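Using our numbering, the letters of the sequence shown correspond one by one to residues 11 to 295.
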Amino acid sequence: MKLVLKNNESFVNKRISIVKKEVPCLDSAWHYHPEFELLYISKSSGIGFVGDNVSHFSAGELVLLGAYLPHLFRNDPAYYEEGGDLKVKTIVMKFMKNFMGEGTFDNPEFTSVNKLLEESKYGVVFAKEVSKEFHDEILEISTLSKGEQSIRLLDFLFRLSLVEDKKQLSSTDMRQFSTDNPDRLDSVIKYISNNYMNTISLADVAGIACMTTNSFCRFFKKMTNKSFTEFLNQIRIRNAARMLIQENHPISEICYLVGYKSIPNFNKQFKQIMGDTPKGYRYKL
11 MKLVLKNNES FVNKRISIVK KEVPCLDSAW HYHPEFELLY ISKSSGIGFV GDNVSHFSAG
71 ELVLLGAYLP HLFRNDPAYY EEGGDLKVKT IVMKFMKNFM GEGTFDNPEF TSVNKLLEES
131 KYGVVFAKEV SKEFHDEILE ISTLSKGEQS IRLLDFLFRL SLVEDKKQLS STDMRQFSTD
191 NPDRLDSVIK YISNNYMNTI SLADVAGIAC MTTNSFCRFF KKMTNKSFTE FLNQIRIRNA
251 ARMLIQENHP ISEICYLVGY KSIPNFNKQF KQIMGDTPKG YRYKL
C-alpha cells in the first residue's frame with residue numbers, strides 16, 4: 011500500500027466529477043490528488059486521517075479537502091466483519107479550482123470562496139447542523155446533468171464560504187507535492203490501525219517501513235507532524251471515545267481494549283487529547 015498521487019482515469023480531461031458511492035467500506039490507501047474534494051458521508055463511522063489530524067467521523071460528516079492534502083477515512087471494525095451487511099454511503103465531489111473557468115474565484119464577488127479553498131489545504135469539517143441543511147441537495151446532485159452539477163457545486167461552495175461553524179483539521183500544511191518514500195506511510199498507518207489494541211513497539215513499525223528506528227522517527231515526524239507515540243496514542247484514544255459513545259463497556263475495560271496497561275495513563279492521555287476525562291466525556295453524551 012502506498013501514499014499515492016491519485017490520477018483517476020475517469021477524471022482525465024474533466025474539471026468536475028461527482029459520484030454517489032454505496033460500498034462495504036471506505037478504507038483505501040492514504041492518498042492525495044490534485045483535485046479539491048468535498049466529501050459527504052451520509053452513512054458510516056470510523057477514524058479519519060487528514061494531514062496531521064486524527065479524529066472520529068460519523069454519519070453526516072461534510073469535509074472539504076484541499077488539493078494534494080493526504081487523507082484516509084477508515085471505518086469502524088464492524089464494517090470489516092466477514093459476512094457483515096453494513097454499507098457506507100457517500101457523495102464524493104472532486105473538482106479543479108478552474109471548474110467554472112480560469113480565474114473565476116479571483117473575482118471580488120468570490121473572495122469568500124477563494125478564502126475557503128485556501129483554508130482547505132488544512133482540511134475543513136463543517137458542523138453537523140450545516141450538513142443537515144445541505145443533506146437533500148447533496149444527495150440529489152449526483153443525479154443532475156454536468157452543467158447543473160457545476161452550478162450546484164458553485165452554489166455549495168459559496169454558501170459554505172459564509173459558514174462560521176466549521177473547524178480546521180490539520181494543524182499544519184501537510185500537502186504533498188512529491189512521492190518520496192511513497193510505499194511506507196500507508197502500510198504503517200494500516201498496521202497501527204489494525205493492531206493499536208496490542209503492544210506495538212517502535213522497532214515493530216520501523217520494521218514495517220523497512221527502516222532503522224532513528225530513520226523511521228525522522229521520516230514519520232516529517233510525514234505526519236507527530237511522533238510515533240503521539241500518533242499511536244491518538245489512534246487509541248479516538249477508538250476509546252468511539253467505544254464510550256457506541257458501547258456499554260466499563261471505562262476500566264475500555265482502557266485495556268484499546269491497548270493501555272495502566273488506567274491512570276489511559277485517563278491522562280484521554281484528557282490530554284479529548285479535553286475531558288473518560289467519565290466526563292461519557293457523561294456529557
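We put the CB at the ideal spot given by N, CA and C, even for glycine.
Quantities reported herein were computed from a predicted structural model and do not represent experimental measurements.
Quick one: is residue i buried, meaning 16 or more other Cβ sit within 10 Å of its Cβ, or exposed?
i, result
"Ser20", "Confidence in Ser20 is poor, its pLDDT being 48 and thus under 50, which makes the residue's placement unreliable; the coordinate value appears in the next sentence. Classification for Ser20: exposed."
"Lys104", "buried"
"Cys220", "exposed"
"Pro260", "exposed"
"Arg246", "buried"
"Lys131", "buried"
"Val22", "In this prediction, Val22 scores a pLDDT of 40, lower than 50, which makes its location untrustworthy; no coordinate-derived value is stated."
"Met264", "The sequence shown places Ile at residue 264, rather than the Met named in the question. So Ile264 counts as buried."
"Gln279", "buried"
"Asp175", "exposed"
"Val64", "buried"
"Ser180", "buried"
"Gly312", "Residue coverage of the chain in this structure runs from 11 to 295, which leaves residue 312 outside it and unanswerable."
"Val33", "exposed"
"Arg228", "exposed"
"Gly133", "buried"
Going by DSSP, what residue range makes up the beta strand (DSSP E) through residue i?
i, result
"Gln178", "176-178"
"Ile57", "56-60"
"Phe144", "Counting along the chain, Phe144 falls outside any beta strand (DSSP E), though it belongs to the alpha helix (DSSP H) covering 138-151."
"Asn85", "81-85"
Less than 8 Å between CB atoms is the rule here; does residue i satisfy it with respect to chain D?
i, result
"Val135", "In the structure shown, chain D does not exist; there is a single protein chain."
Do residue j and residue i have their beta-carbon atoms positioned less than 8 Å apart in this structure?
i, j, result
"Val135", "Leu167", "no"
"Thr100", "Ile51", "yes"
"Met207", "Leu267", "yes"
"Gly76", "Phe46", "yes"
"Ser203", "Arg84", "yes"
"Leu36", "Val73", "no"
"Val140", "Lys31", "no"
"Ile242", "Ile218", "For clarity, residue 242 is Leu in the given sequence; the question names Ile instead. Cβ atoms of Leu242 and Ile218: not closer than 8 Å."
"Asn235", "Met184", "yes"
"Asp214", "Trp40", "no"
"Lys107", "Ser171", "no"
"Ile283", "Gln244", "yes"
"Ala251", "His43", "no"
"Ser54", "Val98", "yes"
"Asp86", "Thr182", "no"
"Glu129", "Gln186", "no"
"Leu154", "Arg162", "yes"
"Thr287", "Lys281", "yes"
"Gly70", "Lys142", "yes"
"Leu127", "Phe144", "no"
"Leu212", "Thr222", "no"
Along the chain, where does the alpha helix (DSSP H) that runs through residue i open and close?
i, result
"Leu36", "Per DSSP, Leu36 belongs to no alpha helix (DSSP H) and is neither H nor E."
"Glu47", "From DSSP, Glu47 is part of no alpha helix (DSSP H) but of the beta strand (DSSP E) over 46-53."
"Met233", "223-234"
"Asp165", "156-171"
"Phe276", "273-284"
"Ser203", "195-205"
"Tyr293", "288-294"
"Thr121", "121-129"
"Ile218", "212-218"
On the DSSP bridge assignment, give the partners of residue i in chain order.
i, result
"Ser27", "Lys104"
"His259", "His259 is not bridged to any residue."
"Phe67", "Gly56"
"Val98", "Val33"
"Leu320", "Any question about residue 320 goes unanswered here, given that the chain covers just 11 to 295."
- Task: Examine the Cβ distances between the stretch 23-32 and the stretch 64-80 and report whether three or more of them are shorter than 8 Å.
- Result: As far as the Cβ criterion goes, the stretch 23-32 does not touch the stretch 64-80, which means the pair count is below three.
- Query: Are there three or more Cβ pairs, one per stretch, closer than 8 Å when the stretch 111-122 is compared with the stretch 57-64?
  - Reply: Too few Cβ pairs lie closer than 8 Å, so no.
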